[in-house]
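> First to last, the sequence lines map onto chains W and B.
Per the numbering used here: the first sequence = residues 1 to 520.
Per the numbering used here: the second sequence = residues 521 to 1040.
Got a structure here, written out as structure tokens. Questions coming.
Protein chains: 2
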Amino acid sequence: MRQRRAQDFICTADFPVVRTAQGKIRGFQTRGIYTFHGIKYADARRFHRPEPVKPWEGIRDALSYGFVCPLLTQDTPSCEALIPHRYWPMDENCQYLNIWTGSLDPEAKKPVMVWLHGGGFSAGSSIEQEAYDGENLSRYGDVVTVSLNHRLNILGYLDLSCYGEEYANSANAGNDDMIAALRWIQENIRGFGGDPDNVTLFGQSGGGMKVWTLMQTPEADGLFHKGIVQSGVLDGFLDSGEGDGRKIAEALLAELGFEKGQVKELETVPYRKLADAYRKVAPALKKQGFYVGENPKANAFYLGDPRKIGFRKEARKIPVIIGTVFGEFDFGPGYPGKYDLTRAQTMEALEKKYGRAAGELAELFEQAYPEKCLTDLLSLDNVFRAPTIDFVKERCKSPESLTYSYLFAYEFPFDDGKCAWHCSEIPYVFHNADRIPICRTPGVMEKLQDAVFGAWVSFARDGRPVVPGICWKACEKDREHVLVFDESCSLRTNFDHALIEKHLEATGPFRMEEAENIQH
Amino acid sequence: MRQRRAQDFICTADFPVVRTAQGKIRGFQTRGIYTFHGIKYADARRFHRPEPVKPWEGIRDALSYGFVCPLLTQDTPSCEALIPHRYWPMDENCQYLNIWTGSLDPEAKKPVMVWLHGGGFSAGSSIEQEAYDGENLSRYGDVVTVSLNHRLNILGYLDLSCYGEEYANSANAGNDDMIAALRWIQENIRGFGGDPDNVTLFGQSGGGMKVWTLMQTPEADGLFHKGIVQSGVLDGFLDSGEGDGRKIAEALLAELGFEKGQVKELETVPYRKLADAYRKVAPALKKQGFYVGENPKANAFYLGDPRKIGFRKEARKIPVIIGTVFGEFDFGPGYPGKYDLTRAQTMEALEKKYGRAAGELAELFEQAYPEKCLTDLLSLDNVFRAPTIDFVKERCKSPESLTYSYLFAYEFPFDDGKCAWHCSEIPYVFHNADRIPICRTPGVMEKLQDAVFGAWVSFARDGRPVVPGICWKACEKDREHVLVFDESCSLRTNFDHALIEKHLEATGPFRMEEAENIQH
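As structure tokens, then:
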């Protein structure tokens, strides 16, 4: 037999191979990390609940990412320097997950971190951003990283429940897929060195919403144990209306030329046709106040927004990290030369945006962010932070709930200093900052990454997020302790509440239509 | 003014900004490399010749890759461990190029390397493979790297010339786009530190064909000065038939419900409809022997295959590197345990494939490749190597033609040793081997990369490919000197001609239909 040399890449006929409940799969190992791309965790008929895949003989390759869910519209690439994307072929047969792990020993029992991607509930995928790659998180964090695709938009969230039992949960089929993936993890993750009794969900934007909607889902009880909600609470995004499903289905049937009640036809019409019809009929229905089919809807499966109905008692016990970033949806061109503006010039710009509130806001801003440039007030998020404060308040009603709050406030070297935008913390979470050019600031990148990544991973390990040199306390009733991630990190209590309240007053509440133009 | 710190990423309001003939564009700089993604180099109406884009005021961002050309069918991800892909949003408005450079000094005059992607003439894009990223090639090679998208398949190569002057070159619209990009480079590349008088085209598979079709295109004269053809010569792929364009157009019009002669309608019908119609009508026409619309067609613009009509005298003067890889289209599961087979077992497998020729082939193989496992004969390419030998022969008819031949014969650590497959040399060319896990063999990766990358870059610099320790001679009449890239590199003369001839006899010539199932 020929002598094999040490390799930084290994993939032979029988290594690495793991036996899952349905059959054996083969991945590859690179620099110590075993990698499995595109494991099919479930199958599903359109609008129906997912089912386990059929068992197979022999070894299946898990060497290619699986299809991602088709989108209603194609993205137009923009802001790629801020958020590098990775697109992928689409098919509604999209129930695939990916695993990165440093061990295949069933006794290794490493913490499992399951990434739920953003894009609302209508877009995105497990590999949509370059930063989502799990190899470094597993390598440097000694965890098992899992990411997954699931059904989105009308494939995942169209409410056809009024048409019979078989569609009972079509309004939450996407979340149902996630539960199927979590069940798959329970059943199989030990073979990948993971601990099924220590599963942490983490997700950003829509991914953060997925975390807390699953906390409010009885079928998910016991399938995960901790949650991290990154920029994942906002108003007006998740709602419910009784009986609206029929309205949408009827409009779709009419648009597609089917008879009333021929809802079965919607199962087989090509997705592109269905999506086009939906895009045609949905805006008018939305205008009439109907709740249409792109987000989970409260029912027996998903009980509803905890800020409206409170946290379920099982959800209260789940430790949570929750936070936002400074600028969120401020993807604009920035404020060139902001550090060279005189105070008078800055105030002029502030008054233009905030009117008579500018003076008070400036004062509150400088109290909350004494180290920041006053012009940054123009970039301050008015979408996620206020609802997140509410979320934390609701959590703190139960003394048993552990809730760790953060704010990612880093200023990037873009356009003379750009406040952290929606998604900008993700490269640091995944220990992938070096892969994303805009994160490459010597002396800062590593430190900031160690703080964010280190906190996420220590939380996944034992429920306590650790940032070196700081005692990150959980929030208490009326006392929101906020870990502010920046060039220097600090823990600050209720530090921006007055600012955020006044800011919301001045800008008015965020309107859903604004979010629909932003696909992240 | 605030003190700015040294950055590994710079993108301010006015830096880096380059003035092009049409207007200013802004990119970013990372670790010394200036990067511009998605520069629009031309506009074009469907089936028409490209035109320069309209001038603009102010600064346009070149921070996001541009649309890629729509494909006839969606890829199904497979073999991703062998060739990691990167897909992207599609639009026929796809004339975009990308630039990576270490200098913006008009006096820097660095060699310019222009990458033409593979995928036949019907698929692929400038960023379709992870390995295509130009940052490292520019950094380590001190060259200006350019890659580009252009029109493909029926958008780039549907022959409507019989319908009038405005469609005179629709059969080569994709190549026409490339010429527009090369003109843009002539006009603008000095602003990116490049030398417009030292432009090297390099491309693989379809990209290699693009290199030599442009050598046979008078309008490209003077726009480039050297060419590298990687696995880019094969039989039956490029052909021409007089008058076939009308047949296809009429079939398309009928399929789409238009009247005969309403060819104008084809300009505005949505691409998806046009593509679906084409996919429906093309197979029957192909069966009838008609040449359909997915490849360049010889006309006044593109003169034709040099192996049929000879090289144009301008083409003869262009120095060329040309070569193939050992296994090419052998993407199969490999031959597990091949090093453990007895000679009898190997001969049995060979006889199964080659019949009575097995013995002679084995002998010829062991003469050509004494260091290789005899089982590898089963993987030997029968698509590109023989036509490439012909190509070299045709070149060597002119003593003035400099032609450097190579064969990439490396065995990868996959499936117990997998012979180099189509595309597998690309990561080494771009100095991106470390980004592609399967290339990460300690002690081999760097050496092999230095050899391949170093040869390509030195050739781009002054027309002489340098591999350390080897005098890489140009081919001579009846003497093909072949640089064999492997764990150890060597220059060998006519080393596999007898083998290839006998092999082709045993397998029969490659049939086009086989290639159509492989999209790389």
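Using N, Cα and C, we set each Cβ at its ideal position, and we do this for glycine too.
Compare the C-beta of A533/B against all C-beta atoms of chain W and say whether one is closer than 7 Å.
Chain W, which has a Cβ nearer than 7 Å to the Cβ of A533/B, makes this yes.
> Nearest-angstrom Cα distance between H1040/B and E363/W?
Reliability of the predicted coordinates at H1040/B is poor, the pLDDT of 44 falling under 50, and the value obtained from them is presented with this limitation in mind. If you take the alpha carbons of H1040/B and E363/W, they lie about 60 Å apart.
> I'd like to check one pair, S147/W with G156/W: are the Cβ atoms closer than 7 Å?
No, these two residues do not count as a Cβ contact at 7 Å.
> For a contact defined as C-beta to C-beta under 8 Å, what are the partners of R86/W on chain B?
Correct list: R606, Y607.
> According to DSSP, R26/W sits in a beta bridge with which residue or residues?
Looking at the DSSP assignment, R26/W forms a beta bridge with V17/W, D61/W.
> Contact criterion: CB-CB distance below 7 Å. Does F712/B meet it with respect to chain W?
So no, F712/B is outside the interface.
> Buried or exposed: which applies to F535/B, given that a residue is buried once 16 or more other Cβ atoms fall within 10 Å of its Cβ?
Under this definition F535/B is an exposed residue.
> With DSSP collapsed to three states, give me the class of N618/B.
Strand, per DSSP.
> Check whether chain W comes within 7 Å of L870/B, counting only Cβ atoms and requiring the distance to be less than that.
Chain W, which has no Cβ nearer than 7 Å to the Cβ of L870/B, makes this no.
> Comparing C-alpha positions only, which one of D595/B, A929/B, K800/B sits nearest to S642/B?
Nearest of D595/B, A929/B, K800/B to S642/B, Cα basis: D595/B.
> What residues from chain W crowd round L583/B, counting only those whose CB sits closer than 9 Å?
Going along chain W in sequence order, the residues near L583/B (Cβ under 9 Å) are S78, C79, E80, A81, L82.
> Please determine if the segment 646-665 of chain B and the segment 971-990 of chain B are in contact, where contact requires at least 3 C-beta pairs separated by less than 8 Å.
Verdict: yes, contact present.
> On the three-state DSSP scale, how would you describe E446/W?
In the structure shown, E446/W sits in a helix (DSSP, three-state: H, G or I).
> In whole angstroms, give me the CA-to-CA distance for C11/W and G27/W.
Cα to Cα, the separation comes out at about 7 Å.
> Going by beta carbon distance, what residues of the same chain come within less than 7 Å of R1012/B, once the five residues before and after it are set aside?
Around R1012/B: V1002, V1004.
> Look up K817/B in the DSSP assignment and say whether it is helix, strand or coil.
Coil.
> In three-state terms, what does DSSP make of K502/W?
In the structure shown, K502/W sits in a helix (DSSP, three-state: H, G or I).
> Between T145/W and chain B, is any beta-carbon pair separated by less than 7 Å?
Cβ-Cβ to chain B under 7 Å: no for T145/W.
> Given S401/W, which residues of its chain have a CB within under 6 Å of its CB, disregarding the five upstream and five downstream residues?
Closer than 6 Å at the Cβ level, and outside the excluded window around S401/W, lie R316, R395.
> Just to check my reading of the structure: F821/B and N692/B have Cβ atoms closer than 8 Å, yes? What is that Cβ distance to the nearest angstrom?
About 5 Å separates the two Cβ atoms, so the contact holds.
> At the level of alpha carbons, what is the spacing between T923/B and P988/B?
One C-alpha to the other measures close to 19 Å.
> Check whether the Cβ atoms of T720/B and A980/B lie closer than 7 Å to each other.
Taking 7 Å as the Cβ cut-off, T720/B and A980/B qualify as a contacting pair.
> Under a CB-based cut-off of 7 Å, is Q74/W close to chain B?
True, the Cβ-Cβ gap to chain B drops below 7 Å.
> Against chain B, does D8/W count as a neighbour if the rule is that its beta carbon must be under 7 Å from one of theirs?
Chain B, which has a Cβ nearer than 7 Å to the Cβ of D8/W, makes this yes.
> Using 8 Å as the Cβ pair cut-off and three pairs as the minimum, do the segment 403-420 of chain W and the segment 323-340 of chain W touch?
Yes, the segment 403-420 of chain W touches the segment 323-340 of chain W.
> Would you identify the three-state DSSP class for Y557/B, choosing helix, strand or coil?
The sequence as given places His at residue 557/B; Tyr does not occur at that position. The answer is strand: DSSP assigns H557/B an E or B state.
> Is the beta carbon of I127/W closer than 7 Å to that of R86/W?
In contact: R86/W and I127/W (Cβ atoms closer than 7 Å).
> Contact criterion: CB-CB distance below 7 Å. Does T30/W meet it with respect to chain B?
Judged by the 7 Å Cβ criterion, T30/W is in contact with chain B.
> Give me the Cβ distance between L870/B and A864/B, rounded to the nearest whole Å; I'm assuming they're in contact under 8 Å.
With a Cβ gap of about 11 Å, L870/B and A864/B do not count as contacting.
> Looking at C-beta atoms only, is the number of pairs between the segment 786-797 of chain B and the segment 733-750 of chain B that lie closer than 8 Å three or more?
The segment 786-797 of chain B is not in contact with the segment 733-750 of chain B.
> Using a Cβ-Cβ distance under 7 Å, would P270/W count as near chain B?
Not closer than 7 Å to any Cβ of chain B, the Cβ of P270/W fails to qualify, so no.
> Strictly below 8 Å CB to CB, what residues from chain W border H637/B?
Here the premise fails: no neighbours, minimum Cβ distance about 16 Å.
> If I follow the unbroken beta strand (DSSP E) through Y404/W, where does it start and stop?
Segment 403-408, the beta strand (DSSP E) holding Y404/W.
> Residues of chain W with CB closer than 8 Å to the CB of T961/B, please, in chain order.
What T961/B touches in chain W: R5, Q7, D8, F9.
> Would you identify the three-state DSSP class for E476/W, choosing helix, strand or coil?
If DSSP states are grouped into helix, strand and coil, E476/W belongs with the strands.
> Tell me which residues share the same chain as G694/B and place their Cβ nearer than 7 Å to its Cβ, disregarding the 5 neighbours each side in the sequence.
Cβ neighbours of G694/B beyond the five flanking positions: F641, H670, R671, L672, G676, Y677.
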